[in-house]
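Enquirer:
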Amino acid sequence: MPELSRRRALTGAAALAAAVGATGAGAAHAAPGGHHANSPGSPASAASATSAASPGFPAAFDEVYKGRRIQGRPTTGGGHHGGGHHGGGYAVFVDGVELHVMRNADGSWISVVSHYDPVPTPRAAARAAVDELQGARLLPFPTD
Numbered sequence: 072m073p074e075l076s077r078r079r080a081l082t083g084a085a086a087l088a089a090a091v092g093a094t095g096a097g098a099a100h101a102a103p104g105g106h107h108a109n110s111p112g113s114p115a116s117a118a119s120a121t122s123a124a125s126p127g128f129p130a131a132f133d134e135v136y137k138g139r140r141i142q143g144r145p146t147t148g149g150g151h152h153g154g155g156h157h158g159g160g161y162a163v164f165v166d167g168v169e170l171h172v173m174r175n176a177d178g179s180w181i182s183v184v185s186h187y188d189p190v191p192t193p194r195a196a197a198r199a200a201v202d203e204l205q206g207a208r209l210l211p212f213p214t215d
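In our numbering, the protein residues as written are 72 to 215.
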């Protein structure tokens, strides 16, 4: 068996810490209500948006940008991956289709469409996605 180097020990420790942190964060935000309970039009979506709003958290928005309806709102539990896992407790939609967003450690936001272009807010992420789509339809993100 090869000798354990400092690099391998630190890499293993970092991977373990990341796995434990991700598991703990997902469990802390998990809530009953189904996989997409906070999708547009669901009864839980309006209640979630008002209960999740807090100072320093992006406000909800609903606007038409370049002919596309973009919406965003805070969510709590029940959303994709147990609520605030990737989206930091925030859901964004383009023409009613969920745009998966993720909040970075520095507070910037990225989406599955414009992954390499961080923006300051979920609204900016939705607008960047519309720009990137250039009129194409946003397809639902596979859940399996």
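All residues carry an ideal CB built from backbone N, CA and C; glycine is no exception.
So if DSSP puts L170 in a beta bridge, which residue, or which two residues, is it bridged to?
Expert: For the purposes of this step, residue 170 is taken as the residue at position 99 of the sequence shown. L170 is bridged to V163.
Enquirer: Nearest CA to the CA of E192: which residue from V168, G206 and G143?
Expert: Numbered from its first residue, the sequence shown carries residue 192 at position 121. A small fix is needed here, since residue 192 is Thr in this sequence, not Glu. Nearest C-alpha to T192: G143.
Enquirer: For F164, is the classification buried or exposed, using 16 other Cβ atoms within 10 angstroms of its Cβ as the cut-off for buried?
Expert: Here residue 164 refers to the residue found at position 93 when the sequence shown is read from its first residue. Buried, because 16 or more other Cβ atoms sit within 10 Å of the Cβ of F164.
Enquirer: Can you tell me where the beta strand (DSSP E) with P193 in it begins and where it stops?
Expert: In the sequence shown, the residue the question calls residue 193 occupies position 122. Counting along the chain, P193 falls outside any beta strand (DSSP E), though it belongs to the alpha helix (DSSP H) covering P193 to L204.
Enquirer: How long is the line joining the alpha carbons of L209 and V190, rounded to whole angstroms?
Expert: Looking up residue 209 in the sequence shown gives position 138. Looking up residue 190 in the sequence shown gives position 119. So the alpha carbons of these two residues sit roughly 19 angstroms apart.
Enquirer: The beta strand (DSSP E) with D133 in it runs from where to where?
Expert: Against the sequence shown, residue 133 aligns to sequence position 62. Note, D133: beta strand (DSSP E), F132 to Y136.
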